[in-house]
Amino acid sequence: MMRTLVATALLVAAGRAGAATLPDTLDLGRGPQGELCRAERVWGDPAAPGLFDVSLNVRCRGWTETASVGHFRVTASTADATMRLDAARDAELVCGAGVPVTIDGVGRGTARRCIAREAGYEAVAVEVTRRGKTYAIDGLKRFTGNLAAGLRLIAGSTAKGSATLVPASAPVPPASVATPAAALDATALGFQRTEVLDYSIRGQHGEAREIGTRYLAKLPTAASKFDRIDLTLDAALSESNLGYRDVADAYLKQAAAMLDAADGPRGAAGERLRDKLQVYRAVDALNARNYAEAAHLAQAALV
């Protein structure tokens, strides 16, 4: 009896020690627009209920429309665990058929292209088997780089550089249930720009950032460069007004690069965007209490 109790205690202690090897929060770097991303430990996840299982939610600053932008789950490689992981994925995502994938530094697995059921964003899902464990990750496609970095951290890999999570050959989700962002007409885009700016003028900068980031992420691929630059500038303004100057600076630089590109807007439309860029740079400097720089940039915008 005593030996049984000791063995049980040792197993419990080992399980807790294994779980404790991962911190409760993992830094996943910055997203494509400079968003700070991190993974946070989740306790009581029904998809990862085992003593040695691990579950983390991925959150990126500015993305408050969804509870998280992704998940990491580590479970034993069993049939029951696979069923739970599949159910958790399918509850939030609509995915195409899986294809084989090899993640450098982690191992071989299955990858899928998906669509988030509620928000309609493009997403990815990957399961990799490594040393008797299944590493299941899913999340929004725009944060693929952060998800790949997190997978390597959790798997204990020391591999560096970018990793392809989902090959381009992966089938798209079923068209009958997928809900990607629909094309927007000029009136709808004009309303979106006005809405973001109205929130900023009213001082509701958090709301301006949330909807600005959402509209930018859902902007159709076929949208004009003018619309993409315009929304990027509005996103920069909302970030700056909240004090996130590093993210605002990333947006401003991106807008400037698109303006200077060979296919950037020209003529009156291009000049209007350049004036807006100068004004928002002045506002950003003002938010940073760099009054001399703000005055210089504002004067340049008026010339």
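Numbering (our numbering), first residue to last: 93 to 395. Note that beta-carbon positions come from the ideal geometry of N, C-alpha and C, so glycine has one too.
Only counting the same chain, and skipping five residues up and downstream in sequence, which positions put a Cβ closer than 7 Å to that of residue 231? By one-based count along the sequence shown, residue 231 stands at place 139. Correct list, in chain order: 150, 161, 162, 163, 215, 216 and 239.
Same chain, Cβ closer than 6 Å to residue 386, neighbours up to 5 away in sequence not counted: Locating residue 386 in the sequence shown gives position 294, where the first residue counts as 1. Excluding positions up to five away in sequence, the list reads 374, 377 and 378.
Spell out a yes or no on whether the stretch 238-257 and the stretch 184-199 are touching, meaning 3 or more CB-CB pairs, one atom from each, closer than 8 Å. yes
Please state the DSSP three-state secondary structure of residue 235. For the purposes of this step, residue 235 is identified with residue 143 of the sequence shown, where counting begins at 1. Note: residue 235 maps to helix in three-state DSSP.
Who are the Cβ neighbours of residue 339 in its own chain at under 6 Å, not counting the five residues just before and after it? The sequence position of residue 339 within the sequence shown is 247, counting from 1. The residues are 126 and 331.
Sequence-distant residues of the same chain with beta carbon closer than 8 Å to residue 176, five excluded per side: Your numbering for residue 176 matches position 84 in the sequence shown. Closer than 8 Å at Cβ, skipping near neighbours: 138, 139, 140, 141 and 167.
Identify whether residue 275 lies in helix, strand or coil by the three-state DSSP scheme. As a working note, residue 275 is residue 183 in the sequence shown. Note that residue 275 has pLDDT 46, beneath the 50 cutoff, so the model's placement of it is unreliable and the number below is only indicative. Correct three-state label for residue 275: coil.
Indicate whether residue 204 and residue 262 have their beta-carbon atoms separated by less than 8 Å. Position 112 of the sequence shown holds residue 204. Position 170 of the sequence shown holds residue 262. Yes, they are a contact pair.
Does the beta-carbon distance from residue 146 to residue 130 come in below 8 Å? Reading the sequence shown from its first residue, position 54 is the one you call residue 146. Reading the sequence shown from its first residue, position 38 is the one you call residue 130. No, Cβ-Cβ distance for residue 146 and residue 130 is not below 8 Å.
I'd like the span of the beta strand (DSSP E) that includes residue 201, first residue to last. Along the sequence shown, one-based indexing puts residue 201 at 109. Residues 199-208.
From residue 184 to residue 254, what does the alpha carbon distance come to, in whole angstroms? If you number the sequence shown from 1, residue 184 lands on position 92. If you number the sequence shown from 1, residue 254 lands on position 162. Answer to the nearest angstrom: the Cα atoms are 26 Å apart.
DSSP three-state call for residue 245: helix, strand or coil? The residue labelled residue 245 in the question sits at position 153 within the sequence shown. The answer is helix: DSSP assigns residue 245 an H, G or I state.
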